[in-house]
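Here the protein sequences come in this chain order: A and B.
Using the working numbering, read the first sequence as starting at 7 and increasing by one per residue.
Using the working numbering, read the second sequence as starting at 1268 and increasing by one per residue.
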Amino acid sequence: MTINEIQDEIIEDFELFDDWEGKYEYIIDLGKKLPELAEEHKQDENIIKGCQSVVWLHAYEEGGKVFYEADSQAIIVKGLVSMLTKVLSGQPAEEIMKADLYFIDKVGLASHLAQTRSNGLVAMLKQMKNYALAFTSKEATTK
Amino acid sequence: MSQININKVREQFPILHQEVNGKPLVYFDNAATTQKPQVVIDALSGYYSGYNANIHRGIHYLAEKATSAFEASRKSIQEFLNAPSSDEIIFTYGTTDGINLISNTYGRAFLSEGDEIIISTMEHHSNIVPWQMLCEEKGCVLKVIPISDDGELLMDEYHQMLSEKTKIVSVVYASNALGTINPVKEIIDAAHSVGAVAIIDAAQATSHIKIDVQSLDVDFICFSAHKLYGPTGMGALFGKRELLEKMPPWRGGGEMIKEVSFDKTTYNEIPYKFEAGTPNIADVVALKTALEYVNELGLENISAYEQELLAYATDRLEAIEGLKIVGKAREKVSVISFVMDGIHPQDIGVLLDQQGIAIRTGHHCTQPLMQRFGIVGTSRASFAVYNTKEEVDLLVEGLAKVKRFLL
Chain A
7 MTINEIQDEI
17 IEDFELFDDW
27 EGKYEYIIDL
37 GKKLPELAEE
47 HKQDENIIKG
57 CQSVVWLHAY
67 EEGGKVFYEA
77 DSQAIIVKGL
87 VSMLTKVLSG
97 QPAEEIMKAD
107 LYFIDKVGLA
117 SHLAQTRSNG
127 LVAMLKQMKN
137 YALAFTSKEA
147 TTK
Chain B
1268 MSQININKVR
1278 EQFPILHQEV
1288 NGKPLVYFDN
1298 AATTQKPQVV
1308 IDALSGYYSG
1318 YNANIHRGIH
1328 YLAEKATSAF
1338 EASRKSIQEF
1348 LNAPSSDEII
1358 FTYGTTDGIN
1368 LISNTYGRAF
1378 LSEGDEIIIS
1388 TMEHHSNIVP
1398 WQMLCEEKGC
1408 VLKVIPISDD
1418 GELLMDEYHQ
1428 MLSEKTKIVS
1438 VVYASNALGT
1448 INPVKEIIDA
1458 AHSVGAVAII
1468 DAAQATSHIK
1478 IDVQSLDVDF
1488 ICFSAHKLYG
1498 PTGMGALFGK
1508 RELLEKMPPW
1518 RGGGEMIKEV
1528 SFDKTTYNEI
1538 PYKFEAGTPN
1548 IADVVALKTA
1558 LEYVNELGLE
1568 NISAYEQELL
1578 AYATDRLEAI
1588 EGLKIVGKAR
1598 EKVSVISFVM
1608 DGIHPQDIGV
1618 LLDQQGIAIR
1628 TGHHCTQPLM
1638 QRFGIVGTSR
1648 ASFAVYNTKE
1658 EVDLLVEGLA
1668 KVKRFLL
């Protein structure tokens, strides 16, 4: 599935919820289901510090695709992290770099990516794209 | 029985009468900033629509009127703090700015290598970082008064820390994160006994506790208008005349000078020596209105009412299984910090916000204090004069829902 196909699927999922409770139950559930990041990846270099909670992001490249594993101390952030990795993990680096993540706005979670939430998600998204960029430039130099 | 007519009070705060996420707003983030009564909002717009002009140097009608209102506000702060003279009231951007002013003037002029500065574990970053910067520059030593598990200063340890090396003691009057009211009179007297100057960060105190700088005998005290029902971006510093007079100026520019030539500049008298540039005139003027508002309600009445809310909320929150209050000092302002087993504070904040309830979560700009308690942060509800027990009930219901969601 492409990035946009996954986004559209998430948007469809969210259309089932007619109130905030259903929506947050779903996000919390995603957070609970996201496997904990292995301790070896919870190093300082993988930490993205928000003002309130920490996000860990580990990335690796395989066959021209970038894979992400992430975690957070706060469960709602973890649920959001789970959605971001679902959309971007396993995609070609070039696609990740130019991805427009419109689903965040469409499902009514834009405020979580606003600066005021200070939860590290904005920084995480930036870092995900940075990794993609790093992997493409590495590829370019090895070719 | 409380002297506060809560319905009348609430009518005066237009912002409270709105819905957030489809629920009536419950505003429990008052330790971050209080809301503003209509009279303060009117004072701001009244200034801009009636007599906006640059102050002190103009000879026209509007400049005279603006200058009078500006200086009348200084006078009202003098009375509010019972300062000997209005010359000892310096306008600042807020508490942080006041502390930075002291560290950059008094600190840089009179401290040297090996001198000691004492602060406490429960300080806001604004009363830590300026001193660390000074220590780095001057080679001074920062000492920190420890606290008990209940969040009270260990006063015996403080007394033992004091010596002839102590030059500054700077302590918070009331803790923003725990609510603890510190024994500031004892702290100040002990500082004086070794010849140190005593600074009190009163950011969290002014809206709850009557402050008398003369009976406290405090050397410097700082506060912010916006935590006192006044406008954002301004505050004041009280300093004893003999200290302010011997301190060098900090920021240079207009207003703070007597005469300027390229060879030599002489500085203005206090308070103007410390007020370079055009000040925040509108907000200064509106602070006077905020003080009048507080005086009219009566700080004692406000405080008595808030203490009722605090006691009620403490009882109700303590009854929630898995909830632990952080900060159980005997004397507290109306601030309750708490943690819940297995739940990150940020999740509490997000889910309460969905229910229209505004609290603050995180480290509250007191990271060393959080480290002391071994926690990443707390959830904090802080009450002002317009809050009600019904709102506390909504918080309790909201937290029950948070638990159902997360556990």
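Even for Gly, the Cβ is constructed at its ideal location relative to N, Cα and C.
All values derive from a computational prediction rather than experimental measurement.
is_contact[H1611(B), chain A] using C-beta, thresh 8 Å: yes
Host alpha helix (DSSP H) of H1459(B) (start-end): 1451 to 1460
Option in V1659(B), Q1621(B), D1660(B), I1642(B) with minimal Cα separation from W26(A): With distances taken between Cα atoms, W26(A) lies closest to Q1621(B).
Cβ pair Q49(A), V72(A) closer than 8 Å: no
Unbroken alpha helix (DSSP H) run spanning F1529(B), endpoints: It is not in any alpha helix (DSSP H) - F1529(B) carries neither H nor E in the DSSP assignment.
Chain-ordered chain A contacts of T1628(B) [CB-CB under 7 Å]: Correct list: Q58.
For T1363(B), three-class secondary structure by DSSP: helix
Beta-carbon neighbours of A80(A), restricted to chain B and to distances below 7 Å: H1611, Q1613, D1614, listed in chain order.
Three-state secondary structure assigned by DSSP to A1441(B): strand
Integer-rounded CB distance, given that G1446(B) should sit under 8 Å from V1600(B): 5 Å
Cβ-based contacts, 8 Å cut-off: residues of the stretch 1270 to 1288 of chain B near chain A: Hits within the stretch, in order: N1288.
Minimum Cβ-Cβ distance from L1619(B) to chain A less than 8 Å: no
Three-pair Cβ contact test at 8 Å for the stretch 1566 to 1584 of chain B versus the stretch 1376 to 1394 of chain B: no
Endpoints, beta strand (DSSP E) assigned at E1383(B): Where E1383(B) is concerned, the enclosing beta strand (DSSP E) stretches over 1383 to 1387.
Under 7 Å by beta carbon: chain B residues contacting E5(A): Beyond the ends of chain A as shown, which are 7 and 149, falls residue 5(A); an answer cannot be given.
Of the residues N1319(B), F1280(B), A1625(B), K1432(B), the one placed nearest L1549(B), counting alpha carbons only: The identity of residue 1549(B) in the sequence shown is Ala, whereas the question assumes Leu. Among N1319(B), F1280(B), A1625(B), K1432(B), the Cα nearest to that of A1549(B) belongs to N1319(B).
Neighbour flag for G1544(B) against chain A, beta carbons, 8 Å: no
Neighbourhood of L1511(B) by C-beta, 7 Å cutoff - its chain only, sequence neighbours within 5 removed: E1355, I1537
Per-residue DSSP class, three states only, for S1343(B): If DSSP states are grouped into helix, strand and coil, S1343(B) belongs with the helices.
S78(A) in three-state terms, based on DSSP: Three-state result, S78(A): strand.
Endpoints, the beta strand (DSSP E) within which R1627(B) is located: The continuous beta strand (DSSP E) containing R1627(B) extends over residues 1627 to 1629.
Any alpha helix (DSSP H) of 4 or more consecutive residues that is wholly inside the stretch 11 to 41 of chain A: 26 to 39
Spatial neighbours of K1507(B) in its chain, beta-carbon cut-off 7 Å, leaving aside the 5 residues before and after: Only E1355, D1486 meet the Cβ criterion.
C-beta atoms of L1554(B) and P1498(B) nearer than 8 Å: yes
Selected residue, minimal CA-CA separation from L90(A), among E21(A), E18(A), L36(A), G28(A): Taking only the C-alpha atoms, the option nearest L90(A) is L36(A).
Segment contact, 8 Å Cβ cut-off, at least three pairs: the stretch 1286 to 1302 of chain B with the stretch 1621 to 1630 of chain B: Yes: at least three Cβ pairs fall under 8 Å.
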